[in-house]
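Asks: Chains as they are written, first to last, in our numbering: chain V, 1 to 112; chain R, 113 to 224.
My questions all concern the structure below.
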């Protein structure tokens with residue numbers, strides 16, 4: 001079965017508000033996590049990553065938070081824009097040469 | 113212009129036919145991957161290759177075959193044994209399995 005999942009399959013947010021997309025992972029051995037954004041009909045695009053020795057990492061308008069105690073990952077998008085509308089995937093990786101494991105994704109819809 | 117190129121963008125398969133999806137990268141990445149994505153679903157790993165002339169089965173390898181004769185190329189063949197091939201196919205590459213995966217634009221395969 002999948003070891004990565006999401007709490008909310010869809011999320012609607014008013015333009016300008018902040019968005020929070022959640023992800024639960026079940027493999028406590030995972031030490032690397034990535035968030036991807038996928039627009040309709042396109043390939044996933046890297047947003048931000050975080051290693052397990054950190055609990056927070058910030059990018060441009062995005063922040064990833066990692067809570068290893070409860071095996072939870074979140075992506076925060078500040079001042080959400082219509083261009084942020086997409087499906088967001090989290091992915092986890094255990095140490096070694098095994099590939100990433102992807103969650104099912106959350107669709108973010110931005111209401112103008 | 114560096115990146116991952118998938119072709120064709122759209123592909124149609126007749127009953128009993130094998131079809132091959134192309135994936136080329138000029139990023140000098142060692143590892144390459146093929147994923148299948150069904151509507152509203154996440155990414156499922158078909159095959160991956162960490163180095164030339166070597167590849168491993170992913171979670172849903174049945175009905176598919178790959179080759180890795182060159183570092184830049186990782187073609188995927190959807191064989192007639194794959195009874196439900198209609199899906200969006202994504203190719204990715206990374207410097208190594210421990211690094212970020214970058215994706216191509218995808219090939220949408222349909223059955224006639």
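Note that CB positions come from ideal geometry on N, CA and C, so glycine has one too.
All values reported here derive from a predicted model rather than from experimental measurement.
Answer with buried or exposed for residue 160(R), where buried requires no fewer than 16 other C-beta atoms within 10 angstroms of its C-beta.
Replies: A residue is called buried once 16 or more other Cβ atoms fall within 10 Å of its Cβ, and residue 160(R) is buried on that count.
Asks: Let's test the definition: count the other Cβ atoms within 10 Å of the Cβ of residue 199(R) and tell me whether it reaches 16, buried, or not, exposed.
Replies: buried
Asks: Since I believe residue 101(V) is in contact with residue 29(V) (beta carbons under 8 Å), could you give me their beta-carbon distance rounded to a whole number of angstroms?
Replies: Residue 101(V) and residue 29(V) do not touch by the CB rule: their CB atoms are close to 11 Å apart, not below 8 Å.
Asks: For chain V, find out if any of its Cβ atoms is closer than 9 Å to the Cβ of residue 180(R); answer yes or no.
Replies: So no, residue 180(R) is outside the interface.
Asks: Return the first residue and the last residue of the beta strand (DSSP E) that residue 37(V) is part of.
Replies: 32 to 38
Asks: Grab me the residues of residue 165(R)'s own chain with a C-beta within less than 8 Å of its C-beta, minus the 5 sequence neighbours each way, in chain order.
Replies: The residues are 180, 181.
Asks: Taking the continuous beta strand (DSSP E) assigned at residue 92(V), which residues delimit it?
Replies: Bounds of the beta strand (DSSP E) holding residue 92(V) are 86 to 93.
Asks: If the cut-off is 9 Å on Cβ atoms, which residues from the stretch 134 to 167 of chain R count as contacting chain V, listed in chain order?
Replies: 143, 145, 147, 149, 152, 153, 154, 155, 156, 157, 160, 162
Asks: Quick one: what's residue 199(R) bridged to in DSSP?
Replies: 221(R)
Asks: From which residue to which residue does the beta strand (DSSP E) around residue 136(R) run?
Replies: 131 to 137
Asks: Do residue 20(V) and residue 34(V) have their C-beta atoms within less than 9 Å of each other?
Replies: no
Asks: Does any CB atom of chain R fall closer than 9 Å to the CB of residue 83(V)?
Replies: no
Asks: Apart from the five residues on each side of it in sequence, which residues of its chain come closer than 7 Å, Cβ to Cβ, to residue 197(R)?
Replies: 125, 190, 221, 223
Asks: Using 9 Å as the limit for Cβ to Cβ distance, is residue 71(V) near chain R?
Replies: It does not; no Cβ of chain R falls within 9 Å.
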